[in-house]
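Chains as they are written, first to last, in numbering that gives the first Met the number 0: chain Y, 0 to 228; chain V, 0 to 228; chain X, 0 to 228; chain A, 0 to 228.
Protein chains: 4
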Amino acid sequence: MNVEEMKKAVAKEALKFIEDEMVVGLGTGSTTAYFIKYLGKLIMDGELEEVYGVPTSYQARLLALEAGVPVVGLDEVDAIDIAVDGADEVDPQMNLIKGRGAALTMEKIIEYRAGMFVVLVDETKLVEWLGQKMPVPIEVVPVAWRAIAEELEVFNATAQLRMAEKKDGPVVTDNGNFILDAKFHRIEDPLDLEIELNNIPGVVENGIFADIADLVLVGTKDGVKRMER
Amino acid sequence: MNVEEMKKAVAKEALKFIEDEMVVGLGTGSTTAYFIKYLGKLIMDGELEEVYGVPTSYQARLLALEAGVPVVGLDEVDAIDIAVDGADEVDPQMNLIKGRGAALTMEKIIEYRAGMFVVLVDETKLVEWLGQKMPVPIEVVPVAWRAIAEELEVFNATAQLRMAEKKDGPVVTDNGNFILDAKFHRIEDPLDLEIELNNIPGVVENGIFADIADLVLVGTKDGVKRMER
Amino acid sequence: MNVEEMKKAVAKEALKFIEDEMVVGLGTGSTTAYFIKYLGKLIMDGELEEVYGVPTSYQARLLALEAGVPVVGLDEVDAIDIAVDGADEVDPQMNLIKGRGAALTMEKIIEYRAGMFVVLVDETKLVEWLGQKMPVPIEVVPVAWRAIAEELEVFNATAQLRMAEKKDGPVVTDNGNFILDAKFHRIEDPLDLEIELNNIPGVVENGIFADIADLVLVGTKDGVKRMER
Amino acid sequence: MNVEEMKKAVAKEALKFIEDEMVVGLGTGSTTAYFIKYLGKLIMDGELEEVYGVPTSYQARLLALEAGVPVVGLDEVDAIDIAVDGADEVDPQMNLIKGRGAALTMEKIIEYRAGMFVVLVDETKLVEWLGQKMPVPIEVVPVAWRAIAEELEVFNATAQLRMAEKKDGPVVTDNGNFILDAKFHRIEDPLDLEIELNNIPGVVENGIFADIADLVLVGTKDGVKRMER
Numbered sequence: 000m001n002v003e004e005m006k007k008a009v010a011k012e013a014l015k016f017i018e019d020e021m022v023v024g025l026g027t028g029s030t031t032a033y034f035i036k037y038l039g040k041l042i043m044d045g046e047l048e049e050v051y052g053v054p055t056s057y058q059a060r061l062l063a064l065e066a067g068v069p070v071v072g073l074d075e076v077d078a079i080d081i082a083v084d085g086a087d088e089v090d091p092q093m094n095l096i097k098g099r100g101a102a103l104t105m106e107k108i109i110e111y112r113a114g115m116f117v118v119l120v121d122e123t124k125l126v127e128w129l130g131q132k133m134p135v136p137i138e139v140v141p142v143a144w145r146a147i148a149e150e151l152e153v154f155n156a157t158a159q160l161r162m163a164e165k166k167d168g169p170v171v172t173d174n175g176n177f178i179l180d181a182k183f184h185r186i187e188d189p190l191d192l193e194i195e196l197n198n199i200p201g202v203v204e205n206g207i208f209a210d211i212a213d214l215v216l217v218g219t220k221d222g223v224k225r226m227e228r
Numbered sequence: 000m001n002v003e004e005m006k007k008a009v010a011k012e013a014l015k016f017i018e019d020e021m022v023v024g025l026g027t028g029s030t031t032a033y034f035i036k037y038l039g040k041l042i043m044d045g046e047l048e049e050v051y052g053v054p055t056s057y058q059a060r061l062l063a064l065e066a067g068v069p070v071v072g073l074d075e076v077d078a079i080d081i082a083v084d085g086a087d088e089v090d091p092q093m094n095l096i097k098g099r100g101a102a103l104t105m106e107k108i109i110e111y112r113a114g115m116f117v118v119l120v121d122e123t124k125l126v127e128w129l130g131q132k133m134p135v136p137i138e139v140v141p142v143a144w145r146a147i148a149e150e151l152e153v154f155n156a157t158a159q160l161r162m163a164e165k166k167d168g169p170v171v172t173d174n175g176n177f178i179l180d181a182k183f184h185r186i187e188d189p190l191d192l193e194i195e196l197n198n199i200p201g202v203v204e205n206g207i208f209a210d211i212a213d214l215v216l217v218g219t220k221d222g223v224k225r226m227e228r
Numbered sequence: 000m001n002v003e004e005m006k007k008a009v010a011k012e013a014l015k016f017i018e019d020e021m022v023v024g025l026g027t028g029s030t031t032a033y034f035i036k037y038l039g040k041l042i043m044d045g046e047l048e049e050v051y052g053v054p055t056s057y058q059a060r061l062l063a064l065e066a067g068v069p070v071v072g073l074d075e076v077d078a079i080d081i082a083v084d085g086a087d088e089v090d091p092q093m094n095l096i097k098g099r100g101a102a103l104t105m106e107k108i109i110e111y112r113a114g115m116f117v118v119l120v121d122e123t124k125l126v127e128w129l130g131q132k133m134p135v136p137i138e139v140v141p142v143a144w145r146a147i148a149e150e151l152e153v154f155n156a157t158a159q160l161r162m163a164e165k166k167d168g169p170v171v172t173d174n175g176n177f178i179l180d181a182k183f184h185r186i187e188d189p190l191d192l193e194i195e196l197n198n199i200p201g202v203v204e205n206g207i208f209a210d211i212a213d214l215v216l217v218g219t220k221d222g223v224k225r226m227e228r
Numbered sequence: 000m001n002v003e004e005m006k007k008a009v010a011k012e013a014l015k016f017i018e019d020e021m022v023v024g025l026g027t028g029s030t031t032a033y034f035i036k037y038l039g040k041l042i043m044d045g046e047l048e049e050v051y052g053v054p055t056s057y058q059a060r061l062l063a064l065e066a067g068v069p070v071v072g073l074d075e076v077d078a079i080d081i082a083v084d085g086a087d088e089v090d091p092q093m094n095l096i097k098g099r100g101a102a103l104t105m106e107k108i109i110e111y112r113a114g115m116f117v118v119l120v121d122e123t124k125l126v127e128w129l130g131q132k133m134p135v136p137i138e139v140v141p142v143a144w145r146a147i148a149e150e151l152e153v154f155n156a157t158a159q160l161r162m163a164e165k166k167d168g169p170v171v172t173d174n175g176n177f178i179l180d181a182k183f184h185r186i187e188d189p190l191d192l193e194i195e196l197n198n199i200p201g202v203v204e205n206g207i208f209a210d211i212a213d214l215v216l217v218g219t220k221d222g223v224k225r226m227e228r
C-alpha cells in the first residue's frame, strides 16, 4: 500500500464505529476527507440513518455538504458521540500534534467533547516523542504573535509565523487568527506543555492534544493496526 | 469624594509613574478613560515627550486618539514599560477580576507583558475573596458557548451568555467572540482557576488576573491608598 | 391592541405563509422573535413538517434552537422559499430601513435571495419617507469608520459610531464590524442611495432595503393590515 | 531587465513622489514590498522625515515594521497624501484588477482616499481589456459564497472559491472573509461592473479598481514608462 491507500484504508476502518443516530465530529485534512466522503456515501445509500456531522473547519463543512452528510453546529447537539480526525504526529502514549491544516482550535473544541475520539494516520506519523519531526502549531491573536514568538524561546522553541501562499502575508485561520509553528527540541511532558502554552496570554489554543485520543488507526503496509488505551 | 471623584483621583495618581519615552499599556473602562485623557493633556502640553500608548481595546484606541496620545501596536514595540487599567474586583493579595468591558483578552495580552502593571479602582471594588460580588467574564469561541457553560457547572459556577443592548443577540467582543459571565461560589485559588479555565477548549481567555498586578491605587473617601507587593 | 399585541398579531399572520418543506429565512428583532417562537411550536406539534430555518443572526439562531426550529446555513440550501423579518421604517412604496439590531448584512444576504420576503411591523414604523424618524445603520470595516463618517457629510448626513452598553467601546457586529448610524435629511431615492452607500470603500452593507419587500404585514389597533406590490 | 529588475525599477521610481511629512498608503504584494523596503531605507538614513505608512494588509504592516517605516491606522490620520500599490491587470484607461494577494478591500479603502494613487506594474500586467488574463477577486461573507458564485453566472462569469495551500480549506482574508475568483469573458464597462458587484448582498468588495489610478509606472525592458490621465 502507498500512503494514499493507507489513508483510504484507515478511513474505511473508521466507518465501522459509526452507527445510526450518531453525532459525528468531522475532522480536517486529507485522511479525514476520505472518511467524510465514505460516510456521505453510506448516508446517501441509506445504510446509515439520522447521522449528523459537526464540522471542525470550513473545509470539513464544504466536504460534508458535497458528500451528503447533514451538518449541525456544536450548539445544536446535546453530545458528540464520536469524532474522527487525522494527526501530524502520534507518540506511543497516543498523544498527538495536530494543526498543520490550521484548524486545531475547532478540532480540539469538538474532539475534547466527543464520547470517543478516533485518530486516523498512516505509519509515517508515528514518532518516538512529540516534536520529533513536526513543529507545534499555535493559534494566536494576531497582534500578539511577535511577543509570543519571543517568549517561546524560554521553552527552547523556535517559532515561525506561518505565511500563506494563496494570499499575501500570514495564514489567517477560520477564526481570524495567526499560526505560529513552534519547533521544540523534544517534548518531555506533552500534557504539561499543552497547559503551559494555553496559559500564555494571546494563545487561543495549541496543537498538542494530550490524553484525548481513545483509538488510533494506523495505516501500514500490512494493513490497518490499532493503538488503544 | 464620590465615586467619580475617586476615579479621577487614582487616574491622576497613576500619571506620576509615567516618564518620557515610556510605552504605556492603555486599559479599558471608565477609570482608565480619565487616565488616558489626563495623559493626553500632558503630552499635548509638552510635559511628557516620546510617550506612546498601546490600547487594549477599540475604546482605548478611540479615547487615546481623541486625547492626543499617539498609539502603537504590541507588534511595534520591544517592551511595554507600564500598563494602567481598572478592575472589577481586587482581593487582598491583589488578584483581580476583570472583563466587565469585554476587553479582557487584549488587556491580559498587554498587561501580562508590562514591566509594571498599575491597577486603578475605587474602594467599592475591594473584596475579601474573588467572586464575592462579580461573575468572572470568560471570552469563548461562539460555537462553544453552550458546551462551556454546561461544563462550568463542574466548578459550581452558573454561567450566562452576555446579551447586548445596542444590538440584538449576544455581545460580540473586539475579537469576534462571546462573553460568558460565570458566577462562582467562592474562588479559593485564583491562579489555579485561571489556568484551569484557560485549558478548556474554546476558552480564549478569562477574567481572572492572578499574580499580575504590581500596584493597586485605591480611591477612598480619605484619598488614594496604595496596595503593593 | 398595544404594541406588544400588534407584534404578536403580525407574527401569527405570517405563519399562514409557511408550508411543509419550506426553507424559511429567520429575521432578527423582537417581532420576528415571536414568529420564530410560534413557528417552533407548530413544528414541535407536528403541524409543520420538514421546515428549516436560515437564521440572519446569532440571536435568530439562539431563538430558533430554543424554539425547536431546525437551522441550516445559506450554503446548505438550494433556495430560500420565504423570509420573515421586521423593519425600523417602511415607506409607502414598501422600501425599508433596517439594522437597529445590527444584523442588516446577514439579513440582506438572506432576504434578497428569498422567493418571498414578508415584513412584520407595527403601525408606528410606517413613515412618509425613509429617514423620517430613524437613521440608516451602515455596517463598516472598523478602521474605515471615521473616514466614512466624514464622507457621509456629502450626502447631508450626520453619522454616529454606535457605542455598546454591555461592553466598553463600539458595538461589534456578528461579522466583527462597526455600525454607523447615519441621519439623513430626507431620502428621496432609496434605491439610488442604497447603491451609492454600498459603493463607498469600507462599507460592507447598509440598512436601506429598497425594492425587496413583497408583503408588509402591519399591526394596527384595528388588526393586521397588508401592504402589497 | 528581467521581471524582478522591472519591479525594483518601478519601486525606485515611485520613491520620487514621497516627500517629508507625507502619509503614504502602503500596498500589498511583491512589487510594493520593494517600495516599502526602499522607503524604510530612506527613512532610516534620515533622507525622509516625518513620513508615516498606512498599511493595506498584515503583510504590508509586517514589511513596514521590518523596514523601519512607522505605521499608523487610517483612523489616526486626517488624509492620505499618496498610496503606492501593484495591480494584476491594467487596461489602457488605467482601470485595474487587483486582489491576487487577497487584500483588495483594505487596499481600496486606503487608495480610494489617497490624494494620489500610484500603481506599480511590470509590462506583463498591461492588457487590452480587463479580464483578459485574470479573474476578478471578490471578497465575500463566508456563508454567502455559494449563492454569490451562482449569481455570477448572470454576468457570464465562472467563479471559484479560492482554496489555501498552507491551511486546509478556503483562503481566509485579513478581514475573515472568503475570496471568489470570477473569470469574466470580457469586461466592457469596468466602473459599471464594479458598482454592480458591490451591490450584491454578501459582497464586501471587489477587485475592479476603475477610475482611481492617477499614475501607472510600468517596468519595461527599456526602463520605466508612465501612464497618466
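Quick reminder that beta carbons are idealized off the backbone N, C-alpha and C, glycines included.
Since we're looking at a predicted model, the values are computed, not measured.
According to DSSP, residues forming a beta bridge with residue i
{"i": "Gly85(V)", "result": "Leu119(V)"}
{"i": "Ala113(A)", "result": "Ile79(A)"}
{"i": "Leu95(A)", "result": "Val89(A) and Phe208(A)"}
{"i": "Ala158(V)", "result": "Ala181(V)"}
{"i": "Glu227(A)", "result": "Leu214(A)"}
{"i": "Gly222(X)", "result": "Thr219(X)"}
{"i": "Leu52(Y)", "result": "Checking the sequence, you will find Gly at residue 52(Y) rather than Leu. Answer is Val23(Y) and Val70(Y)."}
Nearest-angstrom Cα separation, counted from residue j out to residue i
{"i": "Lys220(V)", "j": "Met226(V)", "result": "16 Å"}
{"i": "Glu20(V)", "j": "Glu122(X)", "result": "60 Å"}
{"i": "Leu61(Y)", "j": "Val71(V)", "result": "39 Å"}
{"i": "Glu18(X)", "j": "Ile81(X)", "result": "10 Å"}
{"i": "Lys132(V)", "j": "Tyr51(A)", "result": "47 Å"}
{"i": "Gly85(V)", "j": "Phe34(V)", "result": "10 Å"}
{"i": "Pro169(V)", "j": "Leu179(X)", "result": "19 Å"}
{"i": "Tyr111(X)", "j": "Ala78(V)", "result": "49 Å"}
{"i": "Gly67(X)", "j": "Gly201(V)", "result": "25 Å"}
Cutoff 9 Å: residue i Cβ touching any chain V Cβ
{"i": "Ile178(X)", "result": "yes"}
{"i": "Asp74(A)", "result": "yes"}
{"i": "Glu164(X)", "result": "yes"}
{"i": "Val70(A)", "result": "yes"}
{"i": "Thr27(X)", "result": "yes"}
Minimum Cβ-Cβ distance from residue i to chain Y less than 9 Å
{"i": "Val171(X)", "result": "no"}
{"i": "Met105(V)", "result": "yes"}
{"i": "Leu160(A)", "result": "yes"}
Minimum Cβ-Cβ distance from residue i to chain A less than 9 Å
{"i": "Gly39(V)", "result": "no"}
{"i": "Val139(V)", "result": "no"}
{"i": "Pro200(X)", "result": "yes"}
{"i": "Ala156(Y)", "result": "no"}
{"i": "Ile96(X)", "result": "no"}
is_contact[residue i, chain X] using C-beta, thresh 9 Å
{"i": "Asn197(A)", "result": "yes"}
{"i": "Ala101(V)", "result": "yes"}
{"i": "Asp87(V)", "result": "no"}
{"i": "Asn174(A)", "result": "yes"}
{"i": "Gly168(V)", "result": "yes"}
Can you confirm whether the segment 153-163 of chain Y touches the segment 140-151 of chain A when touching is taken to mean that 3 or more C-beta pairs between the two stretches lie within less than 8 Å? no
Is it true that the segment 124-138 of chain X meets the segment 191-198 of chain V, where meeting means three or more beta-carbon pairs spaced less than 8 Å apart? no
Note down, in chain order, all residues in the segment 49-65 of chain A with a beta-carbon under 7 Å from any beta-carbon belonging to chain V. Leu64
Can you confirm whether the segment 86-101 of chain V touches the segment 101-120 of chain A when touching is taken to mean that 3 or more C-beta pairs between the two stretches lie within less than 8 Å? no
The segment 175-194 of chain V in contact with the segment 209-216 of chain V per 3-pair CB rule at 8 Å: yes
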